[in-house]
Amino acid sequence: MPVGSRSARLFRAFRTCAALMAAAVFSTAHAAPLIASEVLQQFNLVVFEDARSSSHVDGRSYIGGNLQGGDYVQHPNDMPVSAYAGLVVRGNASNLNVNGGGISVGGNLSTANINSGAAYVGGNASNVNFNGGSAYVGGTSTGSNFNGGLSSSATVQAAPDGIEDTLRNLSQQLAGLADTGGTVSVNGNRASFRAVANTDGLAVFDLSTIDTTRFKTGEFSFDIGDADVVVFNVDELVVDIVANFLAGSAQSLGSRLIWNFYNATDITLHSQFGGTVLAPNAALTNYNNIEGSVVVNSLAQYGEIHLQPLAADLPPDSRTVPEPGSLALALGALLLLAGITRSRRPLRVQPARNGLGARA
1409 MPVGSRSARL FRAFRTCAAL MAAAVFSTAH AAPLIASEVL QQFNLVVFED ARSSSHVDGR
1469 SYIGGNLQGG DYVQHPNDMP VSAYAGLVVR GNASNLNVNG GGISVGGNLS TANINSGAAY
1529 VGGNASNVNF NGGSAYVGGT STGSNFNGGL SSSATVQAAP DGIEDTLRNL SQQLAGLADT
1589 GGTVSVNGNR ASFRAVANTD GLAVFDLSTI DTTRFKTGEF SFDIGDADVV VFNVDELVVD
1649 IVANFLAGSA QSLGSRLIWN FYNATDITLH SQFGGTVLAP NAALTNYNNI EGSVVVNSLA
1709 QYGEIHLQPL AADLPPDSRT VPEPGSLALA LGALLLLAGI TRSRRPLRVQ PARNGLGARA
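The numbers in the sequence shown follow our numbering, run straight up by one, and end at 1768.
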């Protein structure tokens, strides 16, 4: 092969490899997976599967399955900054209103008002008022109004990559934390939680040894001392809480409490509840307001979910792996590099039987 031709081929290969590596790095940086604390800051509600609602959510919501009903982003000016839409639904969505941040729906959208922000609908749109910004509809559109304009190109505010694994890992990580020495006492119909924080300002209650009757009391009181964040690790499978949070603590402590129901499959909350509800395996039904973020497997919502982003850092958590597309690009680049390396390997000369040199 002529030297010039071989050099040109190698140059083109290196250039292609560099482009692949750059694309992989850019894709990962551009759509970097959120760590758990970022999810709890940016999302007021995370549901892995289906959700139905007759109430509202103050902040940003992610629904991994189908969504029916509800009002979303009731307080757009208070919503933390994020690259993601005010409402992200992977499946179909219907009978809802979005008041800030726009919407991204992977499936069909029907009977909805998008009052603020751009819209992406991967499937069909029927009886939708797109009032806030430009809208893209991948399928057909019937009975819809495009008051913000109709876009011919898709701008997808995709769901956070690996969000389910990230939050499941967080739940297990928190469940493994050692109790920091707080106490739970019961006096009549009241359960009192007195927290003791470690040097990092974290207090942990291991409630796996606590008698379940303490969750049946009608009142909860809290003394969190100098704790920045209080984690309650609960191992119950079925949780039914009717207790009132005394002295306005549901609201005043909502951004500092994390209820980690790591084993729960069913949770029912009857009264106003304070703190993040972290229950990745549970079907949640709430009949009253929740002051804090909610992470559950499925949701039947009858009470409001209020915006109370976590006020302090969590224990160290790790990022998820890069997006599959980025990994494919990086792998392709590495394989190409390996091929180039092999092609540039020095030729070896081995003695032949006839005494003449022969290329291996």
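Beta carbons are placed, not taken as given, at the ideal position from N, Cα and C, and that holds for glycine.
> Between the stretch 1583–1598 and the stretch 1559–1572, are three or more C-beta pairs nearer than 8 Å?
Replying inline: no
>> Using a 10 Å radius around the Cβ and a threshold of 16 neighbouring Cβ atoms, would you call alanine 1651 buried or exposed?
In response: buried
> What is the rounded straight-line gap between the Cα of asparagine 1697 and the Cα of valine 1465?
Replying inline: 10 Å
> So does the stretch 1655–1665 actually touch the stretch 1713–1723, counting three or more Cβ pairs closer than 8 Å?
Replying inline: yes
>> Can you tell me which residues form a DSSP beta bridge with histidine 1714?
In response: Glu1699
>> Suppose the cutoff is 7 Å on Cβ atoms and the five residues either side in sequence are ignored; what does the same chain contact list for asparagine 1539 look like?
In response: Asn1521, Ile1522, Asn1523, Asn1555, Gly1556
> So aspartate 1636 and leucine 1610 are in contact, right, with Cβ under 8 Å, and what is the actual spacing, rounded?
Replying inline: 7 Å
> Cα-Cα, which of Thr1574, Glu1627, Ala1720 is closest to alanine 1444?
Replying inline: Thr1574
> What distance in whole Å lies between the Cβ atoms of alanine 1501 and alanine 1526, which are believed to be in contact at a cut-off of 8 Å?
Replying inline: That belief does not hold up - the Cβ atoms of alanine 1526 and alanine 1501 are roughly 15 Å apart, past 8 Å.
> What does DSSP give as the partner residues of isoleucine 1522 in its beta bridges?
Replying inline: Val1506, Phe1538
> Among Asn1671, Asp1631, Gly1626, which has the Cα closest to the Cα of isoleucine 1649?
Replying inline: Gly1626
> Taking the DSSP output, what are the residues bridged to isoleucine 1511?
Replying inline: Leu1495, Ala1527
>> Once DSSP output is grouped into helix, strand and coil, what is the label at proline 1484?
In response: helix
> According to the Cβ coordinates, are phenylalanine 1628 and alanine 1599 closer than 8 Å?
Replying inline: yes
>> Here's the rule: buried if 16 or more other CB atoms are within 10 angstroms of the residue's CB, otherwise exposed. What is proline 1386?
In response: Missing from the structure shown is residue 1386; the chain here goes from 1409 to 1768 and no further.
> So valine 1612 is in the beta strand (DSSP E); what residue range does that whole segment cover?
Replying inline: 1610–1614
> Quick one: what's got a C-beta closer than 6 Å to serine 1356's C-beta in the same chain, skipping five residues either side?
Replying inline: What the structure shows of the chain is the stretch from 1409 to 1768, and residue 1356 is not part of that stretch, so it cannot be assessed.
> Where does glutamate 1457 sit, in a helix, a strand or coil, going by DSSP?
Replying inline: coil
> When the distance is taken between beta carbons, is phenylalanine 1623 closer than 8 Å to valine 1594?
Replying inline: no
> Terminal residues of the continuous beta strand (DSSP E) containing valine 1469?
Replying inline: Residue 1469 is actually serine in this sequence, not valine. First-last of the beta strand (DSSP E) with serine 1469: 1469–1471.
> Ends of the beta strand (DSSP E) at asparagine 1597?
Replying inline: That residue, asparagine 1597, is in no beta strand (DSSP E); it is neither H nor E in DSSP.
> Can you tell me whether asparagine 1507 is buried or exposed, with buried defined as 16 or more other CB within 10 angstroms of its CB?
Replying inline: buried
> If asparagine 1597 and asparagine 1641 are in contact, beta carbons under 8 Å, what's the gap, nearest whole angstrom?
Replying inline: Incorrect: roughly 24 Å between the Cβ atoms, too far for contact.
> On the three-state DSSP scale, how would you describe glutamine 1581?
Replying inline: helix
> What is the rounded straight-line gap between the Cα of asparagine 1577 and the Cα of leucine 1686?
Replying inline: 11 Å
>> Along the chain, where does the alpha helix (DSSP H) containing serine 1657 start, and where does it finish?
In response: 1657–1660
> Can you tell which of Ile1471, Asp1608, Gln1450, Leu1517 has the C-alpha that lies nearest to the C-alpha of proline 1484?
Replying inline: Gln1450
> Tell me which same chain residues have a C-beta within less than 6 Å of the C-beta of leucine 1418, skipping the five on either side of it?
Replying inline: Low confidence applies here, because leucine 1418 scores a pLDDT of 41, under 50, leaving its location unreliable; read the following figure in that light. So the list is empty, once near-sequence residues are dropped.
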